[in-house]
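Data first, discussion second: the structure below is written as structure tokens.
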Amino acid sequence: MAPVISLTASVEERLRAAIATALPGAGSADPLLRRSDRADYQANGLLALAKRLQANPRELAARVAEAAPADGLIRAIEVSGPGFLNVTLTDRAITENLSARARDSRLGAPFVGRPGTTVVDYAQPNVAKEMHVGHLRNSIIGDAVVHLLEFVGEKVVRRHHIGDWGTQFGMLIQYLTEHPHELERGEGGEGGRASGEEAMSNLNRLYKSSRAVFDADEEFRQRARRRVVALQSGDPETLALWQRFVDESKIYFNAVFDKLDVEIRDSDVVGESAYNDMLAETCRLLEKSGVAVRSEGALCVFFDDVRGPEGNPVPLIVQKSDGGFGYAATDLSAIRDRVFGLKADTLLYVVDARQSLHFRMVFETARRAGWLDGGVNAVQLAFGTVLGKDGKPFKTRKGETVRLVDLLDEAIERATAVVREKARDLTEEEIAERGAQVGIGAVKYAELSTSANRDYTFDLDRMVSLNGDTGVYLQYAYARVRSILRKAGEARPAADPDLALEPAERALGLHVDAFPEMVAVAAAEYAPHKVAAYLYQLASLFTAFYDQCPVLKAGAPETVGNRLFLCMITARTLRQGMALLGIRTPERL
Ligand code: ARG
Numbered sequence: 042m043a044p045v046i047s048l049t050a051s052v053e054e055r056l057r058a059a060i061a062t063a064l065p066g067a068g069s070a071d072p073l074l075r076r077s078d079r080a081d082y083q084a085n086g087l088l089a090l091a092k093r094l095q096a097n098p099r100e101l102a103a104r105v106a107e108a109a110p111a112d113g114l115i116r117a118i119e120v121s122g123p124g125f126l127n128v129t130l131t132d133r134a135i136t137e138n139l140s141a142r143a144r145d146s147r148l149g150a151p152f153v154g155r156p157g158t159t160v161v162d163y164a165q166p167n168v169a170k171e172m173h174v175g176h177l178r179n180s181i182i183g184d185a186v187v188h189l190l191e192f193v194g195e196k197v198v199r200r201h202h203i204g205d206w207g208t209q210f211g212m213l214i215q216y217l218t219e220h221p222h223e224l225e226r227g228e229g230g231e232g233g234r235a236s237g238e239e240a241m242s243n244l245n246r247l248y249k250s251s252r253a254v255f256d257a258d259e260e261f262r263q264r265a266r267r268r269v270v271a272l273q274s275g276d277p278e279t280l281a282l283w284q285r286f287v288d289e290s291k292i293y294f295n296a297v298f299d300k301l302d303v304e305i306r307d308s309d310v311v312g313e314s315a316y317n318d319m320l321a322e323t324c325r326l327l328e329k330s331g332v333a334v335r336s337e338g339a340l341c342v343f344f345d346d347v348r349g350p351e352g353n354p355v356p357l358i359v360q361k362s363d364g365g366f367g368y369a370a371t372d373l374s375a376i377r378d379r380v381f382g383l384k385a386d387t388l389l390y391v392v393d394a395r396q397s398l399h400f401r402m403v404f405e406t407a408r409r410a411g412w413l414d415g416g417v418n419a420v421q422l423a424f425g426t427v428l429g430k431d432g433k434p435f436k437t438r439k440g441e442t443v444r445l446v447d448l449l450d451e452a453i454e455r456a457t458a459v460v461r462e463k464a465r466d467l468t469e470e471e472i473a474e475r476g477a478q479v480g481i482g483a484v485k486y487a488e489l490s491t492s493a494n495r496d497y498t499f500d501l502d503r504m505v506s507l508n509g510d511t512g513v514y515l516q517y518a519y520a521r522v523r524s525i526l527r528k529a530g531e532a533r534p535a536a537d538p539d540l541a542l543e544p545a546e547r548a549l550g551l552h553v554d555a556f557p558e559m560v561a562v563a564a565a566e567y568a569p570h571k572v573a574a575y576l577y578q579l580a581s582l583f584t585a586f587y588d589q590c591p592v593l594k595a596g597a598p599e600t601v602g603n604r605l606f607l608c609m610i611t612a613r614t615l616r617q618g619m620a621l622l623g624i625r626t627p628e629r630l
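Be aware that the sequence shown starts at 42, since it is given in this note's numbering, and climbs by one per residue.
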């Protein structure tokens with residue numbers, strides 16, 4: 042079916058046409074339409090146009106208003122202030138538009154004009170290491186961006202660039218060969234398989250013991266270094282041991298992602314190790330083309346504008362002087378794979394802002410090498426730091442990094458208490474299920490409601506609050522609408538364009554109408570926080586509507602039907618929007 046044109050778009054079109062009629066020769070001008078409290082919309086664009094034409098803005102606005110007479114869409118159009126146009130729509134246009142919207146399963150959301158392929162690099166924890174609060178950000182933001190892009194029809198390739206390669210594995214593997222039983226598990230795990238927590242505690246124990254030996258024993262250190270060489274040259278026995286670490290870690294990651302309610306497909310986990318075979322070739326190409334040069338034995342790329350404190354250039358090191366490849370070589374090889382193998386048009390990296398310099402240098406190197414040209418866009422969606430209430434990077438009381446699982450468990454526990462207190466007709470099992478959905482929803486919403494590049498404060502008290510800009514507030518709003526719809530029984534939601542609308546109904550309807558534009562902007566800008574802001578406003582407008590306009594007790598059956606219709610389309614919009622953020626919408630709370 043043809044996409045439903047939003048009211049904003051229709052009004053804008055009318056105003057453009059009116060400008061063309063009233064001011065022939067003025068060229069095209071954006072009416073700059075905004076929602077307004079005074080009328081439904083305000084157009085501010087005539088001020089700039091008047092300036093350009095050196096005309097009196099109020100006069101000009103009056104001429105445009107005259108050229109856009111009232112009709113089925115516009116009820117009134119008035120000049121105000123220095124030369125704004127206040128536009129009020131007919132009630133009928135609002136209801137009819139929403140009713141067409143309701144027939145569309147996408148609620149009018151557009152597809153991008155020319156879909157391309159975007160590779161999204163996100164949710165990238167490190168093997169044999171605990172996931173921490175930083176991985177909360179790259180997982181949740183990345184997941185929401187993936188949903189948004191897929192929703193507008195972009196082809197998305199997900200890449201979890203996990204840290205599964207590097208020198209630390211020499212130490213771990215060597216220790217394991219010398220203590221072969223250390224990764225074997227007790228009877229505890231189901232059918233011999235460890236749970237996520239068990240897997241991580243095994244890895245932690247192994248890490249600690251191997252570290253202790255590594256620090257104390259020079260000969261062990263030698264053997265560990267030889268292991269690294271064996272690993273990088275593909276020695277089968279070493280690789281098999283390495284694989285055990287990776288498998289053990291994946292059990293742990295999957296358990297955390299499960300709790301986080303983020304879907305991770307095994308085939309999308311393509312870690313640093315996957316590019317091992319490309320590293321030497323990447324270096325060869327860079328050196329041959331002169332993009333990288335040897336400097337003190339290392340293969341380096343230099344940049345005019347990247348310098349250390351004393352003004353000396355700080356290079357990107359692609360290969361170390363001992364022949365080892367680092368993070369940069371892997372990322373450059375991944376770019377070659379994504380551009381030439383996956384045929385990406387866009388490379389998106391959801392990575393901590395503290396790695397911005399690394400990506401700036403990597404992208405520039407790839408550009409110089411001709412791997413990233415005008416046709417391919419590489420972007421780091423850099424996110425800020427999670428802060429504690431003291432305004433410093435979030436740490437435990439002892440000053441250690443916070444384990445992600447502990448944080449999630451606490452959020453779930455707090456949310457469960459909130460759910461239990463409010464629950465009227467929920468069983469214990471339902472309380473536990475909703476508690477998890479509300480707790481994780483709260484964490485996700487807090488993450489997604491500030492723009493990614495900003496730091497934000499991790500404050501569970503605020504996150505699980507029922508009032509304010511929280512995930513919980515949205516989930517309760519959704520459950521409330523659903524409960525009204527359930528109670529309606531015989532009464533059916535039915536849009537009736539003949540009915541006059543109350544101000545709260547208009548405000549709600551016009552906001553629902555803005556959903557498609559919001560989706561287009563949020564997807565184009567990789568900005569899930571715009572979805573969050575939209576939903577918060579939607580829930581607030583719904584609350585105001587519900588306070589001011591009785592639904593089931595509205596009296597006349599047409600009014601009941603029309604208000605139920607508004608409830609229904611609000612519920613669908615909330616649900617769709619929250620799904621984009623990866624937040625569950627329980628039917629009852
Ligand atoms: N593993 C890294 C971390 O934990 C993130 C990887 C980012 N992606 C990349 N292509 N370098 O911070």
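Don't be surprised by glycine CBs; every beta carbon is placed ideally from N, CA and C.
In this text, all values refer to a predicted model and were calculated from it rather than measured experimentally.
- The beta carbons of residue 626 and residue 619 sit closer together than 7 Å.
- If you look at residue 128, you'll find it in the beta strand (DSSP E) that goes 125–130.
- With the criterion CB distance below 7 Å from any heavy atom of the ligand ARG, the matching residues run 162, 165, 166, 167, 175, 176, 179, 202, 203, 204, 368, 372, 375, 390, 392, 393 and 396 along the chain.
- Residue pairing by DSSP places residue 465 in no beta bridge whatsoever.
- In the DSSP assignment, residue 243 falls within the unbroken alpha helix (DSSP H) covering 237–257.
- Annotated three-state conformation of residue 291 is helix, per DSSP.
- Between residue 436 and residue 500, the C-beta spacing is not below 7 Å.
- According to DSSP, residue pairing for residue 204 in a beta bridge involves 167.
- In this structure, DSSP gives residue 525 a helical state, which the three-state scheme calls helix.
- When DSSP states are grouped into helix, strand and coil, residue 340 belongs to the strand group.
- In terms of Cβ geometry, residue 160 and residue 388 form a close pair [threshold 7 Å].
- Taken through DSSP and simplified to helix, strand or coil, residue 173 comes out as strand.
- Judged by beta-carbon spacing, residue 292 lies beyond the 7 Å limit of residue 257, meaning their Cβ atoms are not closer than that value.
- Nearest to residue 478 by alpha-carbon distance, out of 310, 629, 209 and 423, is 629.
- Between residue 572 and the set 601, 617 and 549, the nearest pair of CA atoms involves 617.
- For residue 99, the enclosing alpha helix (DSSP H) has its first and last residue at 98–108.
- Taking C-beta atoms as the reference points, residue 326 and residue 370 fail to come closer than 7 Å.
- It is roughly 14 Å from the alpha-carbon of residue 95 to the alpha-carbon of residue 123.
- Shown here, residue 450 sits in a helix according to DSSP, grouped into three states.
- Taken through DSSP and simplified to helix, strand or coil, residue 495 comes out as coil.
- Residue 108 places its beta carbon less than 7 Å from that of residue 59.
- Cβ contact annotation for residue 578 (same chain, cutoff 7 Å, sequence separation greater than five): 552, in chain order.
- Put simply, the segment 356–374 does not touch the segment 131–150. Fewer than three CB pairs are less than 8 Å apart.
- At a Cβ-Cβ threshold of 7 Å, residue 287 and residue 168 count as neighbours.
- Note that the segment 455–462 does not touch the segment 516–527; fewer than 3 beta-carbon pairs, one per stretch, sit closer than 8 Å.
- Contiguous beta strand (DSSP E) elements confined to the segment 309–376 occur at 334–336, 339–342 and 357–360, taking only those with 3 or more residues.
- Contact between residue 423 and residue 403 does not hold, since the beta-carbon distance rounds to 13 Å and is not under 8 Å.
- Annotation: residue 519 to residue 110 spans about 39 Å, alpha carbon to alpha carbon.
- Your pair residue 118 and residue 128 checks out as a contact, with CB atoms roughly 5 Å apart and the cut at 8 Å.
- Apart from sequence neighbours up to five positions away, the residues of its chain that approach residue 264 with a beta-carbon distance below 6 Å are 215, ordered along the chain.
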